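So the sequences go chain by chain: A, B and C. Just so we're aligned, residue 1 is where the first sequence starts under the numbering used here, counting upward by one. Just so we're aligned, residue 330 is where the second sequence starts under the numbering used here, counting upward by one. Just so we're aligned, residue 634 is where the third sequence starts under the numbering used here, counting upward by one. Ideal Cβ positions, reconstructed from N, Cα and C, are used throughout, including at glycine. The structure presented is a predicted model; accordingly, all values stated were derived computationally and were not measured. Take a look at the structure below.
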Amino acid sequence: MALLEVENLQVHFRTLDGVTRAVDGVSFHVNEGETLAVVGESGCGKSVTAMSILRLVPEPPGRIAGSIRFQGRELLTLSDREMRGIRGNDISMVFQEPMTSLNPVLTVGRQIRETLRLHQGLDNKAATARAVEMLALVGIPDPRQCVRQFPHQLSGGMRQRVMIAIALACNPKLLVADEPTTALDVTIQAQVLGLMQELKRRVGAAIVLITHDLGVVAEVAERVMVMYAGHKVEEAPVAELFRAPLHPYTQGLLGAVPKLGSSLTGAQTRLAEIPGQVPDLKLRIEGCVFAGRCALATDLCRAIAPALEAKAQRHFAACHFAPRAAAAA
Amino acid sequence: MSAPIVTVPPGIAVAPEMPDLWSAVKPPRGVIGFLRRHPTVAVGGMLLLLMVLMAVLAPYLGTVDPTALAPARRTRAPSANFWFGTDMLGRDIYSRVVYGARVSLTVGFAVAALASMTGLAIGLFSGFVRWADAILQRVMDGLMSIPPILLAVALMALTRGSVGSVVAAITIPEIPRVSRLVRSVVLSLRDQPYVDAAVVAGTRTPTIILRHILPNTLAPITVQATYICASAMIVEAILSFIGAGTPPTIPSWGNIMAEGRALWQVKPFIVFFPAAFLSVTVLAVNLLGDGLRDALDPRLAKAL
Amino acid sequence: MSALLEVNDLKKHFPVRSGRFGFGAAWLRAVDGVSLHVDRGETLALVGESGCGKSTVGRAILRLFDITAGQVVLDGRRIDDLPADAMRPLRRRMQAVFQDPFSSLNPRMRVRDIVAEPMRNFALATTRREINQRINVLMDKVRLPRDAVGRWPHEFSGGQRQRIGIARALAAEPDLIVCDEAVSALDVSVKAQIVNLLDDLQQELGLALLFISHDLAIVEHMTHRVAVMYLGKIVEVAPKRNIFAAPRHPYTRALLSAVPVPEPGAARQRIILKGDVPSPINPPAGCRFHTRCPYVFERCRTEEPELRLTGDGRHFAACHLNDLPPAENPMTSAIVAD
């Protein structure tokens with residue numbers, strides 16, 4: 001049994017402009033200790049998916065359907081109280097913007113202690129000791145001093161480390177990281193990614209990593225799933241996805257990613273484009289969501305939405321032409 | 330354009346149909362739609378409109394001369410002839426209240442308009458022209474520290490009382506509040522990239538203020554203007570109540586209440602009716618202001 | 634032939650309140666002596682991380698504020714000390730595209746008016762018909778549908794808004810466009826579209842571009858030369874190939890090695906810099922990078938290195954290591970060993 005099993009997840013939002021189908025039938029699983037990357041561009045639904053795991057989606061205007069099972073337990077039917085017992089404890093989350101995710105008027109130590117006292121019932125002294133331990137674990141140079149500092153006294157990279165420390169304080173089995181390095185400078189990002197690699201080994205938590213950066217995916221993830229317009233279009237082990245992407249969107253995305261050092265090989269340095277733009281999620285889309293921008297689209301694609309199928313060993317794609325697409329790639 | 334019907338060829342896997350979680354909503358468009366989404370605006374606006382109509386159509390609403398004295402029938406309780414009763418000089422309270430609406434609404438709207446426009450001009454200038462900012466802000470601070478009631482009393486002493494001087498007395502202390510609001514909006518707008526873009530595109534400063542900054546200040550100003558209107562009507566009533574406001578020859582809700590003050594325990598109807606109308610009008614204006622603020626705030630606008 | 638744009642020893646210091654009661658003004662040295670040039674028709678990429686001052690350089694060139702010291706020379710003419718009226722007609726030659734597609738367009742103006750603004754200001758077209766004709770041409774150039782002109786900015790996506798911004802910049806028929814992180818806020822596939830568009834426009838119109846970015850990888854696809862900034866100063870300037878093949882400054886090397894590469898399992902010789910970027914209010918003495926440099930030695934702590942020619946004709950770097958013989962220079966000997 002997988003640690004986390006998501007089945008046919010749907011999240012729709014009703015606003016004045018209409019109903020937005022942010023996530024529309026997404027299924028995936030995460031095994032213990034593995035890192036699954038969820039990749040996609042803005043509006044694909046990856047952040048909403050992450051927030052629904054922790055039931056952080058406001059329920060009006062949103063509505064959730066489907067099933068999210070954690071260690072066999074259905075999360076979508078739990079009461080608020082039961083859910084609170086899971087958040088920060090069994091499942092933790094790290095957000096994109098460390099500046100706004102940390103409370104500016106509480107010291108770092110207090111914020112770590114909060115989760116420890118709540119979930120593990122530690123007293124002040126024990127909680128502070130563990131907080132110092134966590135800060136050292138995430139590579140903060142002077143943890144004893146840091147415990148007494150406020151978020152604004154720390155740099156962006158340090159704040160993100162603090163967020164990771166808070167998230168890991170109660171030894172969660174699953175960590176959901178929503179674009180954890182996007183807001184950081186690239187040299188700081190390198191530090192934090194290195195930290196995450198090391199923590200994976202030491203702590204053994206499973207990670208759901210939400211990102212749009214394929215470079216980060218290649219470094220950190222074991223399996224990857226690609227989302228587009230609220231649907232999952234491809235899933236594969238990481239090496240396989242980069243080597244032989246099957247879905248035209250994934251191929252387009254990989255083509256559009258700039259490759260460092262491309263100017264040296266004398267290869268074509270013009271980036272491949274995906275023509276057009278992401279469809280409006282308020283309109284119901286007939287057929288394949290990507291058909292409007294796909295060079296291979298036919299009438300079949302515009303009429304019938306392809307199911308996600310296994311095309312190769314552990315490699316799934318939702319495309320009528322996937323085997324052919326692989327040949328053309 | 331619907332997709333052509335295609336029979337599913339064998340071997341093609343079709344994605345399962347995902348149900349709608351929400352029923353389709355058709356957002357009502359236009360003014361009616363706006364009013365339905367923002368009921369406070371509708372209610373407040375409606376009440377205010379009623380008051381305005383009442384004031385404008387005063388002569389046709391079954392009123393008599395509000396200043397006509399008839400001591401023979403003083404302090405009669407409300408009856409079929411005198412719907413709100415008569416005051417200590419025999420004047421018909423109903424007529425006085427209806428005509429009194431004119432004064433209150435005039436003062437409210439005039440103060441709101443004058444304070445907003447002056448505050449807007451000062452705030453725009455102050456927010457955009459740095460060297461003027463420090464001086465103007467200190468002047469505004471000074472003005473704000475004058476209690477409006479005191480200022481009104483002083484003005485009354487210097488000039489002959491009239492609705493005009495009441496308006497002036499209430500407007501002046503309100504200007505700094507508006508200018509501060511405008512100034513803070515301007516300061517935040519000044520840093521917007523589209524203002525930089527306008528500079529780079531060669532636009533002159535006055536044009537930048539008029540075309541790029543001003544339109545974005547109108548929403549907060551409108552909301553603030555409604556609050557000023559409500560406040561001005563109450564201050565006018567207070568001033569009239571203490572005798573420093575509208576001259577007693579002109580019926581105003583404050584005047585009527587002032588006159589009825591001595592008798593209010595035995596003849597409460599004299600004070601009650603103007604007070605009730607004043608409250609309803611102020612409530613209407615406040616509802617309108619609150620509703621507009623929610624309606625015009627772009628962040629709240631999208632959530633249902 | 635002189636360069637189109639020349640920047641000489643540019644400095645911009647912002648006052649920062651410190652000490653009790655705001656006395657004892659400290660200065661935030663955002664830009665502390667930057668010199669560069671951009672030739673006609675070429676793209677210079679100005680790269681660095683947040684706080685290095687690259688955006689400030691861009692804004693100083695565009696004269697969005699007054700500079701503290703130094704010169705900005707446009708086509709042989711000094712523009713940093715001109716009064717506003719004299720500056721205005723010169724702005725025609727130097728336009729900009731900004732980072733945030735959502736706040737760089739006035740939400741209360743239609744696309745038509747946004748794009749027409751520079752035309753009107755610089756009297757490039759006066760009648761309605763002329764303006765509309767020019768707008769249509771621009772819409773075609775930036776690959777937007779012509780009917781977009783009557784709509785409002787909020788009806789468009791981020792990538793489309795950037796195209797509108799580019800159309801606005803082109804409306805003045807400039808010689809130089811400053812792109813201040815123009816693609817940073819866009820998705821991967823949209824970035825590719827816009828970068829390609831800018832590249833095409835440059836070739837078609839002979840534009841010079843000053844492309845400010847923190848993303849080294851995207852820069853590689855469309856620039857001719859690269860200048861790397863750190864803490865208010867330029868640490869390296871070179872043609873594209875040189876920078877990516879053989880960087881001569883430890884910061885550039887660290888920057889290049891930090892970029893995550895979309896190749897799983899690629900052998901990474903990653904240089905992880907220790908610590909955080911020092912504050913620009915109190916930059917380190919000597920070489921500003923010495924507190925984080927993996928190759929730091931004694932001279933670095935006391936003497937600030939100058940930007941000097943190293944290696945071949947057009948490659949400049951500010952590092953003491955380049956004064957050492959190549960065999961002792963860890964940067965060149967590592968390259969040789971590769």
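DSSP places A483(B) within a helical segment (H, G or I) once states are collapsed to three. Approximately 11 angstroms separates the beta-carbon atoms of R113(A) and V132(A); this is outside 8 angstroms, ruling out the contact.
With the criterion set as a beta carbon lying under 8 angstroms from some beta carbon of chain A, the members of the segment 869 to 895 of chain C are K873, R874, F877, A878, A887, L888, L889, S890, A891, V892, P893, V894, P895, in sequence order. For E309(A), the nearest beta carbon of chain C is not closer than 7 angstroms to its own beta carbon. Residue-level contact check: V821(C) touches chain A, since one or more beta carbons of chain A fall below 7 angstroms from its beta carbon. Around the C-beta of M742(C), 16 or more other C-beta atoms lie within 10 Å, and the residue is accordingly described as buried. If you look at S688(C), you'll find it in the alpha helix (DSSP H) that goes 687 to 694. Per DSSP, the unbroken alpha helix (DSSP H) holding I112(A) starts and ends at 108 to 120. The C-alpha of P258(A) lies about 9 angstroms from the C-alpha of T269(A). For S668(C), the uninterrupted beta strand (DSSP E) segment begins and ends at 659 to 671. If you draw a straight line from the Cα of K644(C) to the Cα of A729(C), it is about 21 angstroms long.
For Q521(B), no alpha helix (DSSP H) segment is defined, and its DSSP state is neither H nor E. E869(C): member of the beta strand (DSSP E) spanning 866 to 872, first to last residue. Here the C-alpha atom of A800(C) lies approximately 26 angstroms from the C-alpha atom of A860(C). In its chain, beyond the 5 residues on either side, L54, V176 have a beta carbon closer than 6 angstroms to the beta carbon of M93(A).
Taking the Cα of A613(B) as reference, the smallest distance to any Cα among L378(B), R366(B), V427(B) is reached at L378(B). In the displayed model, I210(A) falls within a strand according to three-state DSSP.
By a beta-carbon distance limit of 8 angstroms, T555(B) contacts G618(B). Their separation comes to about 3 angstroms. Within chain A, not a single residue places a beta-carbon under 8 angstroms from that of N769(C); the smallest gap is close to 21 angstroms.
Residue state for K644(C) is assigned as strand, using DSSP reduced to three classes. Counting along the chain, L679(C) sits inside the beta strand (DSSP E) bounded by residues 676 to 680. For the segment 1 to 28 of chain A, the beta-carbon criterion of a distance under 7 angstroms to any beta-carbon of chain B is satisfied by Q10, H12, R14, T15, L16, D17, G18, V19, D24, G25. Unbroken alpha helix (DSSP H) runs of no fewer than 4 residues, entirely contained in the segment 812 to 862 of chain C, are found at 821 to 838, 849 to 852, following chain order. By a beta-carbon distance limit of 8 angstroms, V671(C) contacts L843(C). Their separation comes to about 6 angstroms. The C-alpha of I210(A) lies about 11 angstroms from the C-alpha of T35(A). Burial check for Y249(A): the Cβ neighbour count within 10 Å reaches 16 or more, so the residue is buried. Beta-bridge pairing by DSSP links V730(C) to C812(C). The three-state reading of DSSP puts N8(A) in strand, counting E and B together. For A530(B), the nearest CB of chain C lies under 7 angstroms from its own CB, placing it at the interface with that chain. The alpha-carbon of E837(C) is positioned some 16 angstroms away from that of H857(C). For C558(B), the CB contacts under 6 angstroms within the same chain, skipping 5 residues up- and downstream, are G437, A441, V614 in chain order. In the three-state reduction of the DSSP assignment, Y228(A) falls in the strand class. Under the three-pair Cβ rule at 8 angstroms, the segment 460 to 476 of chain B does not count as touching the segment 517 to 525 of chain B.
DSSP places M347(B) in no beta strand (DSSP E); its state is neither H nor E.
Annotation for L707(C): no alpha helix (DSSP H) segment contains it, though the beta strand (DSSP E) segment containing it runs 702 to 707.
C-alpha of T392(B) to C-alpha of V427(B): approximately 8 angstroms in a straight line.
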